[in-house]
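Working notes, structure below.
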Amino acid sequence: SNVLVVGSGNIGLIVTYQLMQAGVNVVAIVEAAPRIGGYLVHASKIRRLGVPILTRHSIKTAIGTDRVEKAVIWQLDSQWQGIEGTEQTLAIDTIALAVGLSPCAELLWQANCAIADVPELGGFVAYHNDRYETTSPGILVAGDAAGIEEASAALLEGELAGIFAAQNIGHNFEGAEAIIAKKRAELASLRNGPTGEKIRAGMARLEERGDHQCLNKLG
């Protein structure tokens, strides 16, 4: 297979690496934004394997009959418009889309959790405090439902939410606070630097709108 990956967020970078580990030829990654969206540690691994990551590029057209056979990519200007004369034609048989992810908030909405539209977090997310408690008693949220990030952040949030849920029904254990502090520190580290800027902005926006009774100040 010859694959073109669209999107340089962590999912796009990690999927690219996994495809190459499985023997798939990834021709390139195209990213419409002016810089790579995922963590540089992932991007560096991809580049060392010889896969170009083309920022400010997008697909102009896909060509094929029964399946895709070629893709024409081109550069984008500062207004996100394609630049004539910059086209490149790539021979491929698969286009992998790693863009456009959004939180799944339908169940939370049906459970009467207050919802906010926060573009930096991927779309509609439930208001929640720093213990991941929503505005509906007994319902906690974590991972992509709390905002689109990479898998490592989702795992950490899930661990934290699990501890808080257990505490809420009276099941505490020795060392819980130390584990909570450690997981919070790991999350803060993941969200540090330029790559976490969008997530931090989204959390700040959610906090600004968080005038509901159950909300504490977000960590």
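Each residue of the sequence shown is one higher than the one before, counting from 17 in the numbering used here. Backbone N, C-alpha and C define an ideal beta-carbon position, used for all residues, glycine too.
Can you tell me which of T151, P50, K61 and V46 puts its alpha carbon nearest to the alpha carbon of G23? Nearest C-alpha to G23 among T151, P50, K61 and V46: V46.
With a cut-off of 8 angstroms, do at least 3 Cβ pairs link the region 199–212 to the region 182–189? Contact fails: fewer than three Cβ-Cβ distances are below 8 angstroms.
Would you say L222 and L137 are within 9 angstroms of each other, going by their C-beta atoms? Yes.
Please return the same chain residues whose Cβ sits closer than 8 angstroms to the Cβ of I99, not counting the five positions on each side in sequence. Excluding sequence neighbours, I99 sits near W90, Q91, L92 and D93.
Apart from the five residues on each side of it in sequence, which residues of its chain come closer than 6 angstroms, Cβ to Cβ, to L287? Only positions 17 to 235 of the chain appear in this structure, which leaves residue 287 out of reach.
For I191, is the classification buried or exposed, using 16 other Cβ atoms within 10 angstroms of its Cβ as the cut-off for buried? The sequence shown places Gly at residue 191, not Ile. G191 should be labelled exposed.
Starting from the Cα of L20, find the closest Cα among R147, F140, C120 and A114 and give me that residue. Closest by alpha carbon: A114.
Kindly give me the distance between the Cβ atoms of A44 and V67, rounded to whole angstroms, as I take these residues to be in contact under 8 angstroms. Between V67 and A44 the Cβ distance is about 7 angstroms, and since that is below 8 angstroms, they are a contact.
Around the Cβ of N232, are there at least 16 other Cβ atoms within 10 angstroms (buried) or fewer (exposed)? With a pLDDT of 39 at N232, under the threshold of 50, the predicted position of this residue should be treated as unreliable, though the coordinate-derived value follows. When all chains shown are included, N232 counts as exposed.
Measuring only the C-alpha atoms, how far is A161 from L29? Going by the C-alpha atoms only, they are around 21 angstroms apart.
If you reduce the DSSP assignment to three classes, tell me which class V57 lands in. Look at V57 here: in three-state DSSP terms it is helix.
Using a Cβ-Cβ cutoff of less than 8 angstroms, which residues in the same chain neighbour I131 once the five nearest sequence positions on both sides are dropped? These residues qualify, in order along the chain: A121, L124, W125, F140, V141, A142 and Y143.
What is the DSSP secondary structure of T71, counted as helix, strand or coil? When DSSP states are grouped into helix, strand and coil, T71 belongs to the strand group.
Any idea if H73 is buried or exposed, counting beta-carbon neighbours within 10 angstroms, 16 or more meaning buried? It counts as buried.
Can you tell which of I196, W96 and S60 has the C-alpha that lies nearest to the C-alpha of I69? Measuring C-alpha to C-alpha distances from I69 to each of I196, W96 and S60 identifies S60 as the nearest.
Within 10 angstroms of the Cβ of V134, are there 16 or more other Cβ atoms? Answer buried if so, exposed if not. Buried, because 16 or more other Cβ atoms sit within 10 Å of the Cβ of V134.
Starting from the C-beta of K76, find all residues in its chain whose C-beta is less than 7 angstroms away, skip the five residues before and the five after it, and write them out in chain order. Excluding its 5 nearest sequence neighbours in each direction, K76 has C-beta neighbours in its own chain below 7 angstroms: V88, I89, W90, G98 and E103, listed in chain order.
Residue range of the unbroken alpha helix (DSSP H) whose run includes F180: A167 to N184 is the extent of the alpha helix (DSSP H) around F180.
Around the C-beta of G53, are 16 or more other C-beta atoms found within 10 angstroms, so that it is buried, or is it exposed? G53 sits buried, since 16 or more C-beta atoms from the chains shown fall within 10 Å of its C-beta.
Helix, strand or coil for E223, going by three-state DSSP, please let me know. Collapsing the DSSP output to three states places E223 in a helix.
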